[in-house]
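Residue numbers (this note's numbering): 569 to 960.
In what follows, a structure is listed as structure tokens, so that the remarks can point back to it.
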């Protein structure tokens with residue numbers, strides 16, 4: 569038998585249904601709403617550090633902090649400004665970084681609703697000075713760092729790395745072939761009857777032949793090292809330059825500083841059109857690069873900026889990628905004081921142990937935390953024990 573309702577009960581039920589529909593619709597809108605666009609602004613350094621670094625700013629402060637702190641910790645070994653209030657930072661000699669980087673500059677290669685991709689260039693000085701560049705690729709929704717292992721399947725990545733090795737090998741072989749032709753022409757021009765590369769009768773080389781022989785020897789050594797690349801580097805270690813229509817794998821030059829002047833090959837790069845990479849992409853890669861449906865990446869805490877607490881104190885933590893021997897390093901700072909504390913440690917099973925190796929305390933403070941997806945949960949152990957937690 570159907571239940572009858574009074575007019576007042578009917579009105580109350582209608583109101584409940586009405587607001588439930590509004591709540592459901594609002595939730596759907598919140599989930600579907602795109603992230604606020606990221607504006608890349610400029611922080612200018614003057615003094616011992618000079619140049620400009622990028623500063624991401626949007627309505628999402630947590631995402632912005634993940635992006636900014638990773639870049640600044642990597643480039644100047646300090647946290648990014650907590651807010652974009654001063655475009656110019658004056659530095660003194662004491663503010664210089666241990667890696668001696670300066671003369672910063674940056675380029676934005678891609679900034680849309682899926683990916684923020686930048687390059688930061690700098691002059692690094694130690695025993696000598698050299699120009700270098702670093703690539704930073706972020707998920708524009710979360711601020712999470714994008715690694716090659718996120719966007720390429722294991723088999724797809726392996727095939728691409730093999731293709732890259734073939735192309736790099738060909739570039740060196742062509743360079744050697746060109747040098748040999750130059751040496752042959754040089755002897756012909758100077759009337760030397762002994763064929764290259766045999767030693768001359770007087771067992772002497774002119775400056776040009778010496779340069780060519782040294783360069784060929786260097787390139788042959790570079791060729792020998794390419795097959796070993798996969799033994800020491802994982803797919804996640806690949807350096808990617810992501811642009812609107814292409815992805816480029818970047819490789820640092822093989823030559824050392826002393827031989828740099830001879831190295832015309834220099835840094836190597838292998839570029840692919842994104843449209844041609846579909847067979848190699850993960851579902852997450854297709855979401856980021858081919859407008860595929862939204863898919864979450866496989867997550868872990870390594871190579872990312874995390875935020876959390878030691879006891880009740882807010883902290884920001886950066887961990888490196890896991891090295892082949894399961895060691896790792898990183899740093900963290902208390903948000904109130906913003907002074908980085910260096911960390912070094914290892915991964916044992918599903919547990920991360922990190923020591924404050926520069927600390928003068930006895931015993932040295934130790935973080936022991938269990939990995940739970942992309943979160944860390946455990947204890948900070950020093951003169952007392954405090955709860956520790958960190959997550960994206």
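Glycine is no exception: its CB is placed at the ideal position from the N, C-alpha and C atoms.
The structure presented is a predicted model; accordingly, all values stated were derived computationally and were not measured.
Return the residue from the list the options that minimises the CA-CA distance to residue i.
i	options	result
residue 955	892, 882 and 924	882
residue 840	635, 628, 857 and 831	857
residue 643	695, 725, 952 and 691	691
residue 781	748, 804, 803 and 759	748
residue 726	913, 757, 801 and 738	801
residue 877	614, 951 and 937	937
residue 863	710, 774 and 731	710
residue 688	682, 676, 698 and 832	676
residue 848	678, 717, 735 and 615	717
residue 703	806, 905, 768 and 786	806
With burial defined as no fewer than 16 other Cβ atoms inside 10 Å of the residue's Cβ, what is the status of residue i: buried or exposed?
i	result
residue 799	exposed
residue 919	exposed
residue 866	exposed
residue 746	exposed
residue 764	buried
residue 940	exposed
residue 647	buried
residue 789	exposed
residue 741	exposed
residue 723	exposed
residue 632	buried
residue 553	Examination of residue 553 is not possible in this model, given that the chain is present from 569 through 960 alone.
I need the DSSP call for residue i, collapsed to helix, strand or coil.
i	result
residue 684	strand
residue 622	strand
residue 665	Reliability of the predicted coordinates at residue 665 is poor, the pLDDT of 46 falling under 50, and the value obtained from them is presented with this limitation in mind. It is coil, neither helix nor strand.
residue 768	coil
residue 697	strand
residue 949	strand
residue 820	coil
residue 711	coil
residue 904	coil
residue 941	coil
residue 892	coil
residue 899	strand
residue 968	Nothing in the structure corresponds to residue 968, since the chain is present only between 569 and 960.
Excluding the five sequence neighbours on either side, which residues of its own chain have a C-beta within less than 6 Å of the C-beta of residue i, listed in chain order?
i	result
residue 924	909, 932 and 933
residue 684	606, 706 and 708
residue 622	608, 674 and 686
residue 610	620
residue 961	In the structure as shown, the chain begins at 569 and stops at 960. Residue 961 is therefore absent and cannot be evaluated.
residue 825	696
residue 854	860
residue 926	910
Would the beta-carbon of residue i fall within 8 Å of that of residue j?
i	j	result
residue 895	residue 886	no
residue 922	residue 803	no
residue 712	residue 947	no
residue 911	residue 893	no
residue 604	residue 628	yes
residue 719	residue 850	yes
residue 929	residue 950	yes
residue 751	residue 777	yes
residue 769	residue 762	yes
Given residue i, which residues of its chain have a CB within under 8 Å of its CB, disregarding the five upstream and five downstream residues?
i	result
residue 837	809, 816, 817, 818 and 819
residue 793	822
residue 731	838
residue 953	947
Just checking: is the beta-carbon of residue i within a distance shorter than 8 Å of some beta-carbon in chain B?
i	result
residue 911	In the structure shown, chain B does not exist; there is a single protein chain.
For residue i, which residues from the same chain have a beta carbon less than 7 Å from its beta carbon, with the 5 sequence-adjacent residues on both sides left out?
i	result
residue 907	901
residue 797	733
residue 679	606 and 608
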